[in-house]
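Written out below as structure tokens is the structure these notes cover.
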Amino acid sequence: MNGTSRRAMLRTTASAAALAAAGFLVAAPALAAPVIGQPAPAFTAVDSKGKQHSLSDFKGKTVVLEWTNHDCPYVKKHYQANIPALQKQARDAGVVWLSVISSAPGEQGHVDGKKADELTASRNAAPTAVLLDPQGTVGKAYDARTTPHMYVIDAKGVLRYAGGIDSIASAKLEDIEKASPLFKTAMEAVVKGENVAQATTRPYGCNVKYKS
Amino acid sequence: MPLSLHTALRSWHGFFAALLLVSTSSLALAAQSNVQQSPRATVSLVSEYAAVTPGQELRIGLRQRLAPHWHTYWKNPGDAGSPPSITFNSPQGATVGDIAWPGPDRFIIGPVASYGYENEIVFPMTLKVPQDARPGSELVLEAKADWVVCEKECIPEEGTFRLVLPVEASARDASDEIRAAFRTADARQPQASPWKATVSAGESTLHLTVEGEGIAPATVRSALYFPDSWGIVDHVAEQFLKVEEGRLTLATTKGQGYTPGPSAGLLAITDGGGQKRWFALELTPGAATAATTEAPATLPLWQMALFAFLGGLILNLMPCVFPVLAIKATAVAGMSGGDRRAVRLSGVFYTLGVLAAFMALALALLAVRAGGSAVGWGFQFQSPLFVAAMCWLMLAIGLNLSGVYEIGGTLAGAGQDLAQKKGHAGSFFTGLLAVVVATPCTAPFMGAAIGSALVAPAYVSLVVFATMGLGLALPFLFLGIFPSIARRLPRPGGWMVTLRQAMAFPMYATAAWLLWVLAQQAGEAGLRMALAGLVLVGLVAWLIGLHQHRAKKTWWPRGAALAGVAGIAGLMVVLHGAEPVAAAASTQSAQAEPYSAERLALLRAEGKPVFVNMTAAWCITCLVNERTTLSTAAVQQAMQEGGVVYMKGDWTNRDPAITAFLQSFGRDGLPFYAFYPAGKGPVVLPPVLTQAIVTDSLKQ
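Listed in order, the protein sequences are those of chains Z and G. The number in our numbering is simply the position in the first sequence, starting from 1, with 604 added. The number in our numbering is simply the position in the second sequence, starting from 1, with 7 added.
In structure tokens:
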């Protein structure tokens with residue numbers, strides 16, 4: 605039986621190898637970046653007040669993640685009017701807004717909790733919490749590349765939007781009016797339980813200042 | 008009105024420009040506008056002609072001279088930044104065209120990539136001088152531009168420019184310095200490519216193929232693709248180049264914004280002499296590369312059935328089944344010398360149990376398949392709840408074998424006359440258990456057979472599973488069919504009690520192993536619940552035993568046992584909701600890279616040999632192979648010598664990527680090993696490895 609089985613085994617192996625050779629380039633899903641329509645990567649981070657938050661704490665609520673760096677000109681532009689207004693709108697709609705700072709110590713935009721709170725107050729900002737991510741763990745889990753870089757996660761924890769805050773990649777204040785508000789549209793759609801038409805858009809801004 | 012700092016600076020710049028104009032005193036400088044300067048960038052509007060003629064078409068350009076390490080952007084800036092923009096307040100009749108973007112370079116800063124330029128760049132635009140421009144007059148171009156310069160930080164800048172071009176009877180060249188700047192930009196101007204370019208996308212990879220004359224290993228030293236728009240490729244991902252005569256391929260990671268269909272971009276090729284040139288490519292979609300969409304070739308039914316039968320037979324020898332066989336052996340020992348008919352029936356019921364379990368598994372697999380999910384053989388072990396329940400069951404069986412309590416009796420509430428049937432129920436149950444526990448030990452043959460069966464019509468799958476069950480059940484069925492063999496078994500006696508007690512230990516060992524698997528899967532929390540369950544199982548078994556051994560029956564052991572059972576049920580509910588732990592660290596070792604389809608594709612495009620090992624904490628054969636073969640010094644050395652990248656995929660928890668990988672080979676179970684020699688298709692290794700098998704295949 606041993607001889608038979610060995611032959612049979614070889615034949616199986618050969619046919620499997622032939623199969624694999626036929627499909628020369630094997631590809632399978634294994635994305636590092638989070639995928640629209642899939643559960644958003646889980647994370648736990650400490651906020652500016654030292655309180656710990658996990659994504660799972662917010663099940664049942666729409667969650668917005670906003671990558672930020674207060675010294676980035678693109679962020680400055682959007683904090684002049686746009687982002688505080690969006691945060692208020694989000695708050696009124698029961699949306700959890702988490703601003704994430706992934707700047708590493710010594711890099712532009714790195715702040716401690718106290719400074720983060722001062723910035724929130726001075727900019728009239730109204731996030732649910734400001735998460736400090738100096739190790740870049742949350743940022744890398746979401747493949748956040750720019751400030752701002754916006755994400756919308758629905759009440760079931762599924763990632764529904766990833767990309768830019770709007771459509772005109774500039775640091776000019778006057779462009780906010782002209783741009784199509786991609787993120788705002790996406791957030792409103794998710795709150796209403798509707799489909800996000802443009803779920804992946806180009807994020808623009810400064811690169812996130814990760815620990816190198 | 009107070010003079011703002013900004014205005015002051017602006018006027019200072021004007022002064023600076025005027026100073027330049029005066030000090031150099033050459034007329035040629037009229038080919039340059041005022042200069043906007045910051046510590047990072049010196050920007051002006053330049054013209055390739057110092058004087059222009061009516062109707063002339065010439066080029067003007069936004070010229071940026073950058074401080075070292077600062078860069079500015081191409082039309083697709085990559086991950087961050089934005090390209091410069093310029094708007095003209097054109098004089099009557101004059102028109103200025105769009106920027107003819109010079110070919111960019113790529114700058115990688117941490118996890119992001121930018122496409123753009125360092126040092127100096129001119130963004131050329133075509134200017135058409137009006138036909139009716141009067142010689143002796145001046146053509147004044149006013150422009151407002153903004154741009155972003157980045158090093159690590161990004162600074163948006165802007166400026167207004169005024170370029171004055173005298174209109175004369177004949178055109179006059181700009182200074183050599185300005186013409187040189189244009190020439191530098193021209194050297195970057197993309198050329199139309201003479202080649203056929205196709206793009207094909209996998210789940211996460213993108214392959215660019217460029218074919219045509221002039222492409223050869225000698226002429227292409229390196230190449231980089233710049234898509235015209237954002238998100239086609241992952242900008243920061245490496246692009247692996249493979250050059251053959253008349254053809255080059257670039258393998259990289261697909262971008263988030265990729266959509267199938269034609270696209271355009273630039274291919275930057277550095278030739279053998281180190282010269283870089285840019286070619287404009289129009290990419291058309293090529294053949295899909297996803298092998299995963301291809302159905303594995305189906306074996307003929309009889310062959311599938313044969314493999315399945317042999318596979319089932321061999322399952323009897325697998326470490327997973329041993330503990331269950333121990334139960335059966337105990338049962339057979341108990342029957343030795345007993346009623347011939349009872350022995351025969353016991354074999355039949357065992358077989359029925361095995362078949363029922365196989366059918367149930369097959370139906371479950373088919374149902375899940377119909378639901379669109381990818382599952383694999385042994386999938387039930389990917390559920391922490393299942394693993395915990397099996398662990399408890401093993402302890403319960405072990406405690407029974409140890410004599411803590413007896414199965415049957417009053418607890419089942421059945422009468423004495425049913426005892427015979429209970430024996431058969433026991434055989435049936437043993438058969439069920441053998442299958443459920445044996446599945447992770449996918450033996451040779453089974454992989455391909457099950458793989459084929461799962462893509463085949465349902466009835467084929469059922470036939471295959473049934474024959475596999477027959478194979479597994481055969482040894483004990485044999486005992487029943489040929490009672491003469493059974494008759495040769497030793498007579499019953501005291502040795503039976505000893506054997507039975509000894510057989511408890513394989514059960515305890517299996518429980519311990521399952522506990523370890525669970526720790527990989529569900530982490531500390533899962534382990535805690537499983538341990539609590541084990542204590543409860545022990546308690547319940549003891550209480551039942553207590554009740555059974557007492558002459559005077561009291562209610563409380565029964566009540567307490569019921570409470571214990573309720574506790575276990577509660578734990579099961581909690582475990583059911585437990586989230587699997589992301590990575591099972593224990594199946595990873597230091598020198599192995601975790602499996603990723605894109606990484607594999609990239610390594611292969613790079614021409615590196617790769618050895619892929621798919622494993623799981625619950626796959627004993629995998630662990631044995633690892634211990635005896637893969638982690639040995641001889642094999643590790645052979646891999647190192649051959650420059651083989653060792654890649655390991657962990658299937659302890661569900662992982663669609665690994666399921667898809669296995670299915671691309673027509674497999675559904677572990678262990679699975681594939682070796683990809685440099686530049687060749689994969690070779691599948693047998694599921695049971697020896698050092699010689701591995702080292703021989705690595706030599707290919």
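Quick reminder that beta carbons are idealized off the backbone N, C-alpha and C, glycines included.
Spatial neighbours of residue i in its chain, beta-carbon cut-off 6 Å, leaving aside the 5 residues before and after
i	result
alanine 803 (chain Z)	Ile640, Tyr765
tyrosine 683 (chain Z)	Arg727
serine 32 (chain G)	Note that serine 32 (chain G) scores a pLDDT of 38, beneath 50, so its modelled location is shaky; the value from the coordinates is reported in the next line. None.
glutamine 39 (chain G)	Ser51, Val53
threonine 277 (chain G)	Arg228, Ser229, Lys283
alanine 465 (chain G)	Leu373
proline 90 (chain G)	Tyr80, Lys82, Pro84
proline 564 (chain G)	Leu550, Leu553, His554
glutamate 125 (chain G)	His78
Contact set between residue i and chain Z, taken where Cβ atoms lie within less than 8 Å
i	result
glycine 117 (chain G)	Asn811, Val812, Lys813, Tyr814, Ser816
Nearest to residue i (by Cα), restricted to the options the options
i	options	result
glutamine 739 (chain Z)	Z:Gly768, Z:Glu798, Z:Ser707	Z:Ser707
valine 668 (chain Z)	Z:Lys776, Z:Val734, Z:Lys653, Z:Glu798	Z:Val734
serine 207 (chain G)	G:Pro292, G:Gln647, G:Glu158	G:Pro292
leucine 148 (chain G)	G:Thr622, G:Gly100, G:Met311, G:Ala640	G:Gly100
serine 703 (chain Z)	Z:Glu711, Z:Ala730, Z:Lys719	Z:Ala730
lysine 744 (chain Z)	G:Val119, G:Val174, G:Thr191	G:Val119
serine 660 (chain Z)	Z:Ser652, Z:Leu763, Z:Phe647	Z:Phe647
glutamate 64 (chain G)	G:Cys161, G:Pro131, G:Gln528	G:Pro131
phenylalanine 286 (chain G)	G:Met397, G:Gly405, G:Phe233	G:Phe233
tyrosine 122 (chain G)	G:Ala473, G:Gly238, G:His431, G:Ile551	G:Gly238
proline 752 (chain Z)	G:Met536, G:Leu313, G:Val580, G:Ala87	G:Ala87
lysine 681 (chain Z)	G:Arg70, G:Ile162, G:Gly143	G:Ile162
proline 678 (chain G)	G:Gly253, G:Gly688, G:Ala624	G:Ala624
Residue i at chain G interface by Cβ criterion, 8 Å
i	result
serine 774 (chain Z)	yes
arginine 764 (chain Z)	no
arginine 806 (chain Z)	yes
Below-8 Å beta-carbon distance, residue i vs any chain Z residue
i	result
serine 30 (chain G)	Reliability of the predicted coordinates at serine 30 (chain G) is poor, the pLDDT of 39 falling under 50, and the value obtained from them is presented with this limitation in mind. Chain Z contact via Cβ: absent.
tryptophan 237 (chain G)	yes
glycine 264 (chain G)	yes
serine 89 (chain G)	yes
aspartate 153 (chain G)	yes
alanine 597 (chain G)	With a pLDDT of 48 at alanine 597 (chain G), under the threshold of 50, the predicted position of this residue should be treated as unreliable, though the coordinate-derived value follows. So, not an interface residue.
Close-in-space but distant-in-sequence residues of the same chain around residue i (CB under 8 Å, 5 per side omitted)
i	result
aspartate 235 (chain G)	Lys82, Asn83, Ser270, Ala271, Gly272, Leu273
lysine 782 (chain Z)	Ile772
leucine 201 (chain G)	It is worth fixing the name first, because residue 201 (chain G) is proline in this sequence and not leucine. Cβ neighbours of proline 201 (chain G) beyond the five flanking positions: Gly219, Glu220, Gly221.
leucine 692 (chain G)	Tyr680, Ala681, Phe682, Ile700, Val701, Ser704
alanine 363 (chain G)	Phe435, Gly438, Leu439
aspartate 183 (chain G)	none
serine 92 (chain G)	Ala152, Asp153, Trp154
Chain Z residues whose Cβ lies nearer than 9 Å to that of residue i
i	result
proline 163 (chain G)	Pro677, Tyr678, Lys681, Ser774, Ala775, Lys776
Chain G contact residues for residue i, given Cβ-Cβ distances below 9 Å
i	result
glutamine 712 (chain Z)	Lys159, Glu160
Chain-ordered neighbours of residue i on chain G, where CB pairs are closer than 7 Å
i	result
tyrosine 755 (chain Z)	None at all; the shortest Cβ gap to chain G is about 12 Å.
Proximal residues of chain Z, C-beta to C-beta of residue i below 7 Å
i	result
aspartate 86 (chain G)	Arg749, Thr750, Asn811
Spatial neighbours of residue i in its chain, beta-carbon cut-off 7 Å, leaving aside the 5 residues before and after
i	result
glycine 104 (chain G)	Met132, Thr133
alanine 645 (chain Z)	Note that residue 645 (chain Z) corresponds to proline in the displayed sequence, not to alanine. Cβ neighbours of proline 645 (chain Z) beyond the five flanking positions: Pro638, Ala745, Tyr746.
threonine 49 (chain G)	Val42, Arg72
Please go through the region 741-813 of chain Z and give each complete beta strand (DSSP E) segment of 3 or more residues, from N-terminal end onward.
Within the region 741-813 of chain Z, the beta strand (DSSP E) runs of at least 3 residues that lie entirely inside it are, in chain order, 754-757, 763-767.
Beta strand (DSSP E) runs wholly inside the region 221-295 of chain G, at least 3 long, in chain order:
229-234, 247-251, 254-260, 270-277, 283-292
At what residue ranges does the region 622-658 of chain G contain a whole run of the alpha helix (DSSP H), taking only runs of 4 or more?
627-632, 640-648
Where are the alpha helix (DSSP H) runs, 4 residues long or more, that stay fully inside the region 627-713 of chain Z, in chain order?
677-684, 686-696
Going residue by residue through the region 483-557 of chain G, where are the continuous alpha helix (DSSP H) segments of at least 4 residues, counting only ones entirely within it?
490-494, 501-556
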